[in-house]
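Taking this note's numbering, the leading residue of the sequence shown gets 6, the next gets one more, and so forth.
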Amino acid sequence: MKKKLVLITGSKQTRLILHNQLKELLDDYIFIECFAIDEELPGEIDGDVVLYSSESIKNEMKDRLDVQCAHEIVGNRTIHHKHINELLKIPAHTKVLIVNDDDKETLKLIESLYQVGINHVQFIPFKKQKTYYEDVEVAVSPGEIHLCPPYVKHVIDIGVRLFDMATIFELIKSFGFNQSNHSIIWDRYLRNIIELQKKLIEAEGQMKELHLHVKSVVNVVEDGILAVDFNKRITLFNKRLESLFQLSSSDVVGREIQHVISNEDLVEFITSSDEKSQYFNVNGYEIVIYKSMIQESNTTVATFKSVNQAVEIEGKAQSELRKNGFSAKYNYQDIIGEHPALLKTIEISRKMAVTEYPILIQGETGTGKELFAQAIHNHSTRKNGPFLAVNCSAMTDTLLESELFGYEEASFTGAQKGGKKGLFESADKGTIFLDEIGDISPRLQTQLLRVLQEKEIRRVGGTRVIPINVRIIAATHNNLLHKMKEGLFREDLYYRLHVLSLTIPPLRYRRTDIPLLIHHFISKSKTWTHIHPEAMKLLIEYEWLGNIRELKGVIEYLLTVCDENEVKAKDVEYRLSSQKEEHTLHEIENESVDLIELQENHALLETIKQCNDTGKAASRKWITQHLKGFTLTEQQVRNRLDVLEEKEYIIKRRGRAGTKITEKGLHYLYHLKTKQHLINP
C-alpha cells in the first residue's frame, strides 16, 4: 500500500502548482493529498508526512485543525526556470522591489534569486507598512502583484515558487525510498535543474556576445554615443566619447551620469529635458547632442555630433521636407499690402510666432489664412521643421482621422501593410496647419483636444501612445463662438485654440491695398497690361466677398480676355456683374431661412423697391404702413431691416434719407420671385 503525503498551502493557486510539481516527481510511489487554507479544510488531517508550503502556514495550522502525521516538513522554495530570462533582462544596478505577502518569505525569495544567479540588480524587500520606495520602477512578485505599489511602472510576476532540491531530498529520506526509486526521483528533479543551468549559460553567452557586438558597432561610429538607464546610470560610452571627455569606458559604465560629467546643463538635458536636441561646448569642441528614448527599456540614448555635421544633417532634412511638400514657402514679405489694419495684423502675428502656443486664424474665405500660417511658421523657432497643411472640410470624418493620426496594420479594410504614420507624427518638431477647423466632427474635436492637452496621439487601431512635438495653427471662416453657443463646437477646445487669436481683415476693409495686389498679379503674369483709371476705380469699389482669391481670379480673367494691352471699365463691369450674380445666387441657395422669413423678406424688399422706384427712400413708418400680407409692428420691421442690412440687401440711413435697396438686394429679390411658387404656394 502506498504511503500518504499531505500538502498544505495558503492559497488554491499555490496548491495546484505545488501539487503538480510533486505529482511529476512522486506520483508513482506515494499518494498525495492537498489542502489550501483559503479553501474548506477538514477537521482532522492524517498521513505519513505533512509538507507545509512555508513556516507561516505551519504556524497558522496549529490552531486550526488536528494534524495526525508521523513527520512534518516545512518546504523551501525557489523560482521556476522559465522566468530566469525575464529577470536577467532587467538593467544592471536597477533597484528592484521584491513583493510578497509575508516578510520572512520575501527575504527567502531574495535569497533564492541570488542562489540562481540573479545578482546584477539591487533587491529591496517589500513591507506592508511602508507606502513609498524612492527610485523604484521595477517590482518582482511570486503571484502577489496586487500588493505592488501603483506607482511602480514595471511589474514582473514570477508565479508560484516551486520546492527546492533540499525539500525534495527531505521527502525522499522521510518516505525511505529504495536506491532505485531514489535515483529515478532524483533524475526527474535534476532535469529541471539542468534546464535552469542551460538557460543561465545560454543567457550569459548571449549577453556576452551581444555586448561584444554592440561595443564593436558603436566604437566604429564617428559620433559619440551615450546610453543612460532610468536610474541615471551610464550603460554605454563609446570610443568617441572616451576621446571627447578623456575618460575610459571601463571607469564610466555603471556609474551615475552626474558623477561622471561635470557639466550640469548637459546632464540635465540628457536626464530631464523635453528638448530633443541642444548645443553644448564640451572641452572646447562645439557639439550638438541629439536625444531619443527607448521606451521598452526606459533608456535614454544621446548622440554627440560636431556642429558641422549637425548643420549638414539639418540641410539634408530640409531638402527632403521640401521634396515631399512638407515645407512653408511663404514669409512675411510675401504678404502684399500697406493698409494700417493689415500692418497691425502682421505685427501681432510676428509676436505670436515666437511663442509655442496654438494659434487660431479667423478670416473670410480668400483672405490668406494659410499665407499667414506659413509666415508664422517661418518666423518661429520651428522654421527648420516640417510644415504640413490639411483642409479639414475636404475629407470624410474617418479619412481625416486616419490622415491625422495614422493607423496600424489591418486596422480597417484597405489599410496599408505595416500601417501608416499620420500627419501629427510627420509634423514632429514642426507645425501642422488645420484649415476649416470649424467643420470637424465632435468625435475628432475630442481627439484634437487630447493632442493639445497631452501632446500625444494613438494611431487608429493601435494601443501604443505616441508622444508628439507639434505646434497647431488652426483656421476657420466660421464664427466658432456662435458654433460653440449652438453646441456644434466644444467649448474647451475653443478656448484651447483661442489662446492666441488672429483675425485677418477682409479686402473691402483695406481697399487701398487693391491697386498693389493688382500690380503684383500683373507682374507675376509677365504681361504688359495697363489698368484704365475708371476700371481701377470699379475694382477698388467692388465688395470682393471672395477677397484676394476672388480678386486674383478676376485679374487673371481680364488679362486673358482683353483684346488690347489695357483693361477698360466696360471689361470690368461685364466681369463684376456676373460675379455679383454668382455671389447672390450662391448666398441664396445656401441661405438657411424658413419659409416665413423668405415670405417676409420678399414682401419687405418689394415694398422698399416700390418706394425707391418713385424716387424716394422708404422710412420704417412708410414700410410698416404699406407692407402687404403681413401685420408687423414698427419695431418688428426694424429688426427685419437690420438683418437685411447685415446681408447687404439694403442701405439704411437716418432721417429723410430712409432705406434703399442695393444692387445685391435687387438680385436677391429677382431670385425670390423665381421661387414664387415656393414662397406663396
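Cβ coordinates follow ideal geometry from the N, Cα and C atoms, glycine included. From a predicted model like this one, the values you see are computed outputs, not experimental measurements.
For the beta strand (DSSP E) holding residue i, just list the boundary residues, first then last.
i      : result
Thr305 : Thr304 to Ser311
Gly435 : Gly435 to Asp440
Val121 : Careful: Val121 lies outside any beta strand (DSSP E) and carries neither H nor E.
Ser282 : Ser282 to Val287
Glu49  : Glu49 to Tyr57
Ala232 : Gly229 to Val233
Lys665 : Thr664 to Ile666
Gln263 : That residue, Gln263, is in no beta strand (DSSP E); it is neither H nor E in DSSP.
Ile364 : Ile364 to Gln367
Ser506 : Leu505 to Thr508
DSSP has residue i in a bridge; who is on the other side?
i      : result
Gln641 : Beta-bridge pairing links Gln641 to no other residue.
Pro130 : Ile103
Ser297 : Val306
Thr83  : Leu167
His524 : His524 is not bridged to any residue.
Phe690 : Beyond the ends of the chain as shown, which are 6 and 686, falls residue 690; an answer cannot be given.
Cys74  : Gly52
Val465 : Tyr412
Val470 : Arg463
Arg238 : Glu261
Ala623 : Thr664
Would you report the Cα separation of residue i and residue j, rounded to the nearest angstrom?
i      : j      : result
Ile89  : Gln73  : 39 Å
Ile275 : Leu46  : 58 Å
Pro472 : Asp228 : 26 Å
Thr372 : Asn243 : 55 Å
Leu563 : Ile523 : 11 Å
Pro538 : Asp576 : 13 Å
Gln120 : Phe429 : 50 Å
Asp234 : Gln127 : 14 Å
Ile4   : Tyr284 : Absent from the structure is residue 4, since the part of the chain shown begins at 6 and ends at 686.
Ala540 : Val572 : 7 Å
Arg516 : Ile509 : 14 Å
Phe635 : Glu605 : 8 Å
Glu602 : Arg464 : 47 Å
Glu269 : Gln263 : 7 Å
Leu152 : Asp106 : 8 Å
Ser282 : Ser297 : 9 Å
Thr436 : Thr350 : 20 Å
Ser254 : Phe309 : 16 Å
His535 : Glu578 : 16 Å
Lys460 : Phe410 : 12 Å
His76  : Ala171 : 16 Å
Lys113 : Tyr500 : 57 Å
Glu49  : Thr305 : 59 Å
Trp627 : Leu671 : 20 Å
Arg643 : Thr481 : 31 Å
For a test of the three-state rule: what should DSSP assign to residue i, helix, strand or coil?
i      : result
Asp140 : coil
Gly428 : First, the residue type needs correcting, since residue 428 is Leu and not Gly in the sequence shown. Looking at Leu428 - three-state DSSP - the assignment turns out to be helix.
Val257 : helix
Cys153 : coil
Arg455 : helix
Gly443 : helix
Pro686 : With a pLDDT of only 47 at Pro686, under the threshold of 50, the placement of this residue in the model should not be trusted, and no figure is reported.
Ala333 : coil
Cys616 : helix
Arg476 : strand
Lys657 : strand
Leu610 : helix
Arg387 : coil
Tyr547 : coil
Ala574 : helix
For the alpha helix (DSSP H) containing residue i, name the first residue and the last one.
i      : result
Glu269 : Glu269 to Thr276
Asn396 : It is not in any alpha helix (DSSP H) - Asn396 instead sits in the beta strand (DSSP E) that spans Phe392 to Asn396.
Lys633 : Looking at the DSSP string, Lys633 is not in any alpha helix (DSSP H), and its letter there is neither H nor E.
His159 : Unbroken run through His159 is the beta strand (DSSP E), His159 to Asp162; no alpha helix (DSSP H).
Gly558 : Asn552 to Val566
Lys244 : Lys244 to Phe250
Leu498 : Glu496 to Leu502
Pro345 : Pro345 to Ala358
Thr26  : According to the sequence provided, residue 26 is Gln. The question's Thr does not apply to it. Start and end: Lys17 to Leu31.
Just to check my reading of the structure: residue i and residue j have Cβ atoms closer than 8 Å, yes? What is that Cβ distance to the nearest angstrom?
i      : j      : result
Ile477 : Leu449 : Ile477 to Leu449, Cβ: 13 Å. No contact.
Gln379 : Ala333 : 4 Å
Ser16  : Asp43  : 5 Å
Val54  : Phe182 : The Cβ separation is near 12 Å, so there is no contact.
Return no unless some Cβ of chain D is closer than 8 Å to the Cβ of residue i.
i      : result
Tyr675 : Checking the listed chains, one finds no chain D in this structure; it contains a single protein chain.
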